[in-house]
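Its first residue numbered 199, the sequence shown is counted upward by one per residue in my numbering.
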Amino acid sequence: MTSFTFATAGRIVFGAGSVAQLPQLVAELGERPFVVTGGSPQRHAAVIGSLPDAATFPIPSEPTMELVREAAEAARRADAGVVVGLGGGAALDAAKVVGALVANGGDPLDYAEVIGRGLPLTERSLPVIAVPTTSGTGSEVTANGVVTSTEHRVKVSLRSASMLPAVALVDPELTLACPPAVTAHAGLDALVQCIEPYVSPFATPLTDGFCREGILRAGRGLRRVYADGSDLAARTDMSLCSLLSGLALANGKLGAAHGLAAPLGGLLGAPHGAITAAVMVAVSRANIEALNAQDPAHPSLARYAEVGALLTGERSAEAFLAWFAETARLLGVRGLAPLGLTDADIPAIAEAASRASSTKGNPVRLPIAVFEQIVRAAL
Ligand SMILES: NC(=O)c1ccc[n+]([C@@H]2O[C@H](COP(=O)([O-])OP(=O)(O)OC[C@H]3O[C@@H](n4cnc5c(N)ncnc54)[C@H](O)[C@@H]3O)[C@@H](O)[C@H]2O)c1
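See the structure below:
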């Protein structure tokens, strides 16, 4: 595709130690900062302490409709002028949704895709500074916030170009304390988020460059960072992989692995990356099979082979699939049954995944029966 639009955060600040710039960045954007952080704010006491006039709102889990409603109310009461998201993707997404809700008013379900009213967010969000402390989601440069509806048992997005953070402040040192399981799930998801936009029909020359670099960085850093979380060079590779994945997915879209993660995440409440990593090999196999059957010259087939070259040096889709399966195994991914999925859940999951917004970027349309086969293969 040689005509495209590309949008990202207003500014990207990257590097070890860069979080020291946060007070200055906040001062440039507004008064009365409102910090949305994860369930253990003490983990980031030094960073929060650098903003003495900030109100802090910890979210103890991935965001739910109830939590973002409550957080937006607290931000309104605090008369927040700028929102800081400090934490994993959960805190970043919640911060972005809070910024949008404070500016636009109303309830998250007014704007939510699929299960909500899907109204447009017409007002520009409060400025958001997104400071990731995991390397996995790229949420610091994406235009959506994922929220779980416990009532509908599904994860859906609020989405608008106006939700792109004003600043993405990415400091790999903030990820040094991530425990192995968080490092594994987040890192595998960052890699999946570089691969899906690379084989997507919405790929562009810009996103292609980000995907290739991100896949290379994950090939170099992912197993290393899991083996030794104090390896700052590997942490830096994975922070970059995550950032690049966000730049890619926000502009090149995702695919069926993320389409499945929407209903699976809502049902199982398991870490997002544990789910996308568990289904990625089966999704890719199904895509490759369908593409070969429908159009053996389809450009996405060559791209799967190139992913193999970037990860292993061998230009083949089989090399990619073998590397990914082995890496997921080494990093403790055990499939969907250990996360609580049963056979009886499969038809509803397959049906919901075929409708999910992320599935739109899949390189080929998969029938519901194939989604069922994928989930069975990933059990
Ligand atoms: N908006 C997007 O584009 C996008 C993309 C992918 C995923 N997501 C969303 O992001 C969320 C997942 O994000 P995640 O993988 O970062 O997980 P997370 O934010 O849920 O964090 C996982 C766990 O790690 C802890 N943690 C975070 N930073 C830490 C650190 N430095 N040291 C120790 N522990 C730390 C958190 O407190 C939490 O317990 C999901 O809600 C998912 O839907 C959003």
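For glycine and all other residues, C-beta sits at the position ideal for the given N, C-alpha and C.
Keep in mind that this is a model prediction, so the values were computed, not measured.
Check whether the Cβ atoms of residue i and residue j lie closer than 8 Å to each other.
i    : j    : result
A446 : P399 : no
P231 : A252 : yes
L420 : L389 : yes
A523 : R513 : no
L284 : T340 : no
G279 : G453 : no
V531 : L386 : yes
V365 : D291 : no
A476 : D369 : no
I393 : L223 : no
G297 : V354 : no
E411 : L372 : no
M263 : S347 : yes
Y424 : L529 : yes
V352 : A550 : yes
R433 : S337 : no
Please confirm whether any heavy atom of ligand 1 lies closer than 7 Å to the CB of residue i.
i    : result
N342 : yes
P377 : yes
S437 : no
S555 : no
G444 : yes
I475 : For clarity, residue 475 is Ala in the given sequence; the question names Ile instead. No; taking the cut-off as 7 Å, the Cβ of A475 has no heavy atom of ligand 1 nearer than that.
A384 : yes
R532 : no
H470 : yes
G285 : yes
V579 : Residue 579 is absent from the structure shown; the chain starts at 199 and stops at 577.
A515 : no
Express the C-alpha separation of residue j and residue i in angstroms, rounding to a whole number.
i    : j    : result
M361 : V295 : 8 Å
V300 : C439 : 31 Å
S201 : L577 : 40 Å
A484 : S216 : 42 Å
S323 : E516 : 44 Å
F212 : P545 : 43 Å
P536 : L465 : 13 Å
V272 : L265 : The sequence shown places Ala at residue 272, rather than the Val named in the question. Each residue's Cα considered, the two are about 11 Å apart.
A650 : Q219 : Any question about residue 650 goes unanswered here, given that the chain covers just 199 to 577.
I566 : L462 : 15 Å
A407 : R275 : According to the sequence as given, residue 407 is Gly; it is not Ala. Each residue's Cα considered, the two are about 43 Å apart.
A480 : L489 : 14 Å
E260 : V245 : 21 Å
A416 : P497 : 23 Å
R209 : Q492 : 42 Å
Could you tell me which of the options sits nearest to residue i, measuring between CA atoms?
i    : options                : result
H456 : A207, R553, A432, A416 : R553
A384 : R241, P250, G287       : G287
R574 : D541, P565, G334       : D541
D543 : F569, P494, E260       : F569
M478 : D493, S333, L489, A459 : A459
P561 : E371, A550, A207, K451 : K451
N342 : A214, L499, P318       : P318
V233 : T262, M263, A289       : A289
G444 : P363, V423, A507, R501 : P363
S555 : E371, A359, R241, A310 : A310
L499 : S482, L509, G511, L508 : S482
T320 : P330, V312, T331, D308 : D308
Return yes when at least one heavy atom of ligand 2 lies under 7 Å from the C-beta of residue i, else no.
i    : result
D369 : Only ligand 1 can be found as ligands here, which leaves ligand 2 out of the picture.
**Prompt:** Counting pairs of Cβ atoms below 8 Å between the stretch 366–380 and the stretch 401–409, do you hit three or more?
**Reply:** no
Between the stretch 219–231 and the stretch 467–481, can you find at least three pairs of beta-carbon atoms closer than 8 Å?
In this structure the stretch 467–481 does not lie against the stretch 219–231, because fewer than three pairs of beta carbons, one per stretch, are closer than 8 Å.
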